[in-house]
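Position one of the sequence shown corresponds to residue 1 (UniProt numbering), numbered consecutively onward.
Quick reminder that beta carbons are idealized off the backbone N, C-alpha and C, glycines included.
None of these values were measured; they are calculated from a predicted model.
Let me begin by presenting the structure, written as structure tokens, before commenting on it.
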Amino acid sequence: LYPAAAATTSAAVGVGAPAPFVPAGAQTALRHAAADAWDAQEAAVAPSAAPAPVAPALLLALPLAAAGLALALWRRLQPAPSAVEPAMLAVTCAEIDAKFPPLRNDRVLRAIRGQPVDRIPVWVMRQAGRYLPEYVEYTKDKEFFSRCQNPEVACHLTLQPFERFDLDAGIIFSDILVIPQALGMDVKMIKGQGPVFGTPLRTVEQWDALERALLARVGVEGVAPEKQTDTVVAHAAQLADALSYVYDAITLTRTRLNGRAPLIGFCGSPWTLFVYACEAKKTKTYTECSKLIYGEPELVHRILKVMANVCAQYLIRQVKAGAQMLQVFDSHANVLPPKEWREFSLPYLTLIAQIVKAECPDIPMIVLPKDAPFALEMLTDSPYDMVSIDPTLDLGKSHRTMAAVNKGVQGNMAPTTMYAPTDKLRTLVADYLEDAFGSTIPQRYIANLGSGMNPDMDPANLGAFVETIHAHGQKK
């Protein structure tokens with residue numbers, strides 16, 4: 001395995017209001033919760049200001065009641081931070097890394113930072129999935145979301161592909177729709193239908209009621225209607241805490257990976273989550289979400305604002321739990337024309353990255369605007385480090401475009417290639433890389449498919465895909 005680089009100074013973790021996520025220790029969590037309650041109150045009345053100094057670490061050693069009161073008092077004397085300023089109670093990536101086995105394969109991290117690698121790193125979307133017979137066997141008696149909600153099961157499924165393939169990264173087994181679930185929406189995975197929402201989200205009245213329910217959950221009532229959305233945003237951290245099972249799964253999985261490869265955390269984009277909630281089931285026309293963006297754009301922006309802030313806090317907590325890089329899936333980017341994507345998706349993708357990187361400044365972040373080739377140019381000045389591109393884009397040209405602005409690309413082999421005979425597949429992959437990069441090993445590139453593995457794909461072909469990627473540029 002390729003020797004890991006020196007420990008990074010990545011990820012000062014602890015943005016504004018939310019306290020650091022600690023995977024274990026109820027008393028510590030309660031101490032932090034006491035401070036969060038004060039932060040939420042401050043957020044509603046205090047303007048943006050310079051970041052406060054780090055709170056004394058001694059507070060975490062105090063008895064529970066004393067710690068909560070002392071920390072709240074200390075914070076009361078400090079100016080409130082803005083949503084994207086460096087945070088109080090920052091924790092360095094090195095401190096997080098110290099809790100886990102040393103990383104022995106850091107190729108994807110080096111690639112995304114623009115550092116030399118000894119071979120092209122590779123992982124694939126849905127690498128833990130139904131194309132693996134062992135996945136089918138292990139999950140045959142387990143409902144889909146119950147797999148996500150059980151850290152032991154999620155860890156096992158994340159690690160399954162490592163038993164077969166020499167992958168350079170793992171991605172935690174979960175689903176982008178855990179966020180709508182955490183916000184109180186009824187989401188089920190129905191065999192043969194995919195995700196289905198019990199009630200479509202399509203009216204102002206529905207969203208108002210949902211916001212009130214979320215505020216009641218965090219103990220806030222009597223908020224004026226015009227301040228309701230911003231108040232929910234101020235409590236995004238507490239709402240993200242509902243997904244503790246994901247954070248526990250990440251901590252467990254990174255430990256059991258034992259440094260074999262980095263672990264990727266992820267979420268869906270606000271736009272994509274909105275489309276699922278609005279349409280309520282699979283669709284080819286996207287009629288209902290299209291009606292709303294043109295007929296009720298203010299409502300859509302309210303929903304997207306809340307989604308973006310909860311997504312950001314969710315990702316921050318994944319980093320604190322052990323995720324070493326992040327990917328945001330804009331799986332419904334292709335629903336929007338370029339102008340509308342710039343209005344309804346790009347600003348919220350940007351907001352997520354700004355909030356995350358304010359707290360975790362060096363955490364690598366990838367964004368996938370699925371089947372939206374126009375998005376690449378719009379993302380050249382975004383906070384994301386890498387764009388995952390689809391097969392409609394030329395790999396070499398896209399790589400040069402992003403490398404010119406010190407960013408990279410991931411992708412973008414057509415998933416249909418995986419249906420070729422194995423020997424033909426090896427030739428197709430080798431030629432594809434040769435056309436894009438010649439015989440060199442590029443920097444700022446991670447190999448992947450343009451989208452995920454399908455259930456009917458042959459695992460042997462994924463093995464050939466990985467081997468051929470790794471062979472590129474090696475001496476024969």
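**Item:** Buried or exposed by the 16-neighbour rule on C-beta atoms within 10 Å, applied to Arg260
**Value:** buried
**Item:** Alpha-carbon spacing of Trp123 relative to Arg217, whole angstroms
**Value:** 39 Å
**Request:** With DSSP collapsed to three states, give me the class of Ile446.
**Result:** strand
**Item:** Asp330 in three-state terms, based on DSSP
**Value:** strand
**Request:** Can you tell me which of the three DSSP states Leu379 falls into?
**Result:** coil
**Request:** Whole angstroms is fine: what's the gap from Glu143's alpha carbon to Leu252's?
**Result:** 21 Å
**Prompt:** Using DSSP with H/G/I as helix, E/B as strand and the rest coil, what is Met402?
**Reply:** helix
**Asked** How many Å lie between Val117 and Ala471 at the Cα?
**Response** 13 Å
**First through last residue of the alpha helix (DSSP H) which encompasses Ile112** = 107–112
**Prompt:** Which whole-angstrom value describes the C-beta separation of Leu393 and Leu376, a residue pair presumed to lie in contact below a C-beta threshold of 8 Å?
**Reply:** 6 Å
**Prompt:** If residue 552 sits next to Ile112, beta carbons under 8 Å apart, how far is it from one beta carbon to the other, in whole angstroms?
**Reply:** Outside the modelled stretch of the chain, which goes from 1 to 476, sits residue 552, for which no answer is possible.
**Request:** Measure how close the beta-carbons of Leu210 and Gly184 come, nearest whole angstrom, since I'm counting them as under 8 Å.
**Result:** 6 Å
**Prompt:** For Ala29, which of helix, strand or coil comes out of DSSP?
**Reply:** Its pLDDT being 41, under 50, Ala29 is placed unreliably by the model, and the measurement read from it follows with that caveat. Here Ala29 sits in helix by DSSP.
**Request:** Mind checking who Phe197 pairs with in its DSSP beta bridge?
**Result:** Val187
**Opening and closing residue of the beta strand (DSSP E) in which Gly463 lies** = Here Gly463 belongs to no beta strand (DSSP E); instead the alpha helix (DSSP H) covers 459–471.
**Prompt:** In angstroms, rounded to a whole number, what distance separates the CA positions of Thr422 and Trp341?
**Reply:** 38 Å
**Prompt:** How would you write the range of the alpha helix (DSSP H) that Val136 sits in, first residue to last?
**Reply:** 133–139
**Asked** Taking Cβ positions, are Val187 and Pro195 nearer each other than 7 Å?
**Response** yes
**Message:** Just to confirm, is the Cβ distance from Pro442 to Asn412 under 7 Å?
**Reply:** no
**Prompt:** For Val153, which of helix, strand or coil comes out of DSSP?
**Reply:** helix
**Request:** Report the rounded CA-to-CA distance for Ala403 versus Val310, giving the unit in angstroms.
**Result:** 31 Å
**Message:** Quick test of your reading: Gly396 and Ala436, contact by CB under 8 Å. State the CB separation rounded to the nearest angstrom.
**Reply:** 4 Å
**Message:** By alpha-carbon positions, which one of Val233, Tyr445, Leu315 ends up nearest to Ala358?
**Reply:** Leu315
**Prompt:** Per DSSP, what kind of secondary structure is Pro53 in: helix, strand or coil?
**Reply:** Summary for Pro53: the model assigns pLDDT 35, below 50, so the residue's position carries little reliability; its value from the coordinates is reported in the next sentence. Three-state result, Pro53: coil.
**Item:** Selected residue, minimal CA-CA separation from Ala280, among Gln354, Asp166, Gln181, Leu449
**Value:** Gln181
**Request:** Can you tell me which of Asp168, Val136, Asp166 puts its alpha carbon nearest to the alpha carbon of His156?
**Result:** Val136
**Asked** Hey, Gln318 and Gly268: beta-carbon distance below 7 Å or not?
**Response** no
**Prompt:** How long is the line joining the alpha carbons of Glu467 and Pro361, rounded to whole angstroms?
**Reply:** 33 Å
**Asked** Between Leu351 and Ala308, which are expected to be in contact by the criterion C-beta below 8 Å, what is the C-beta distance as a whole number of angstroms?
**Response** 5 Å
**Where the alpha helix (DSSP H) containing Glu318 begins and where it ends** = Here residue 318 is Gln; the residue named in the question, Glu, does not match the sequence. That run of the alpha helix (DSSP H) goes 297–321.
**Request:** Flag this pair as touching only if the region 231–251 and the region 148–163 have three or more C-beta atom pairs under 8 Å; answer yes or no.
**Result:** yes
**Prompt:** So is Ala277 buried or exposed if we call it buried at 16+ other beta carbons inside 10 Å?
**Reply:** buried
**Item:** Cβ pair Met453, Gly129 closer than 7 Å
**Value:** yes
**Item:** Beta-carbon proximity check, Tyr384 vs Ala353, cutoff 7 Å
**Value:** yes
**Message:** Quick check on DSSP: helix, strand or coil for Leu428?
**Reply:** helix
**Item:** Tyr245 vs Gln324 beta-carbon contact at 7 Å
**Value:** no
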